[in-house]
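Below: the structure, in structure tokens.
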Amino acid sequence: MSQGHRVTKSQVEKNKKHKRISWDEYFMQIAHLVSQRSTCIRRNVGAVIVKDKRMLATGYNGAPRGLKHCLETGCVRDKLKIPSGQRHELCRGLHGEQNAIIQASLYGISVKDSTIYITNQPCIICAKMLINAGVTEIVIAEGYPDEMSGKMLKEAKIKVRKLELRKI
Numbered sequence: 613m614s615q616g617h618r619v620t621k622s623q624v625e626k627n628k629k630h631k632r633i634s635w636d637e638y639f640m641q642i643a644h645l646v647s648q649r650s651t652c653i654r655r656n657v658g659a660v661i662v663k664d665k666r667m668l669a670t671g672y673n674g675a676p677r678g679l680k681h682c683l684e685t686g687c688v689r690d691k692l693k694i695p696s697g698q699r700h701e702l703c704r705g706l707h708g709e710q711n712a713i714i715q716a717s718l719y720g721i722s723v724k725d726s727t728i729y730i731t732n733q734p735c736i737i738c739a740k741m742l743i744n745a746g747v748t749e750i751v752i753a754e755g756y757p758d759e760m761s762g763k764m765l766k767e768a769k770i771k772v773r774k775l776e777l778r779k780i
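Numbering-wise (my numbering), the sequence shown opens with residue 613 and increments by one.
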């Protein structure tokens, strides 16, 4: 006959001290992990689209599928001395947010009413895409020098939150 699982007093105390990370921390840490696949020389960005605590798609910044990465070709933006936050069209790469939206669409996954976790604030191009994709909340780890992006997201009534990750 089974006696069941007995928990000792020391196990109970140990469990009380255990600090479980929040869902926000969980998804943001995954976004940081995704960013490690980036092939951008300037900035490594990761994005995770989530709905109902389930990951729908991920994306990182890099050249389109099958094309040479900036790690191989060099950075056209560096060569032209283009500052961050300007002239986004002059780049070989797609942004992490763009790749996440594209990955979802390739597999027929709607991102309507979802949350996206991004290692950086989206640029204006990504902000417009996220608005039209139906994303309702953006959680970021760091800022980005693009004032127009923030203004447009506010006008679209998309909630943007900055998440401070605690040290584990």
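In this text, a Cβ means the ideal position worked out from N, Cα and C, and glycines have one as well.
Could you give the residue range of the beta strand (DSSP E) that holds E754?
Segment E749 to E754, the beta strand (DSSP E) holding E754.
Is DSSP giving G674 helix, strand or coil here?
Annotated three-state conformation of G674 is strand, per DSSP.
Taking one C-beta from the segment 726-744 and one from the segment 757-766 each time, how about it: are there three or more such pairs within less than 8 Å?
Touching, yes, given that three or more Cβ pairs across the two stretches are closer than 8 Å.
Figure out for me which residue from M640, M760, R654 and K693 has the closest Cα to the Cα of C849.
Past the edges of the chain, shown from 613 to 780, lies residue 849, and the structure says nothing about it.
Between the CA atoms of S717 and G708 - distance to the nearest angstrom:
Each residue's alpha carbon lies about 14 Å from the other.
Go ahead and label L702 buried or exposed: buried means 16 or more other beta carbons lie within 10 angstroms of its beta carbon, across all protein chains shown.
Around the beta carbon of L702, fewer than 16 other beta carbons sit within 10 angstroms, so the residue counts as exposed.
Own chain, CB closer than 6 Å to V657, minus 5 neighbours either side, in chain order:
Sequence-distant Cβ neighbours of V657 in its own chain, meaning closer than 6 Å and more than five residues away, are S647, N673, G708, T731 and N732.
Same chain, Cβ closer than 7 Å to D725, neighbours up to 5 away in sequence not counted
Cβ neighbours of D725 beyond the five flanking positions: K663, G746 and T748.
Per-residue DSSP class, three states only, for G658
In the structure shown, G658 sits in a strand (DSSP, three-state: E or B).
Hey, would you say S638 sits closer than 9 Å to G697, going by beta carbons?
Reading off the sequence, residue 638 comes out as Tyr, not Ser. It is not a contact, given that the beta carbons lie outside the stated cut-off.
From which residue to which residue does the alpha helix (DSSP H) around Y729 run?
According to the DSSP assignment, Y729 belongs to no alpha helix (DSSP H) but to the beta strand (DSSP E) extending over T727 to N732.
What do you get for Y782, buried or exposed, if any count of 16 or more other CB atoms within 10 angstroms of its CB means buried?
With the chain represented from 613 up to 780, any question about residue 782 goes unanswered, as that position is not in the structure.
Which of the three DSSP states is assigned to K740 in this structure?
DSSP places K740 in helix when its eight states are reduced to three.
Which residues in the same chain have their Cβ closer than 6 Å to the Cβ of I642, if we skip the five residues on either side of it in sequence?
Cβ neighbours of I642 beyond the five flanking positions: V660.
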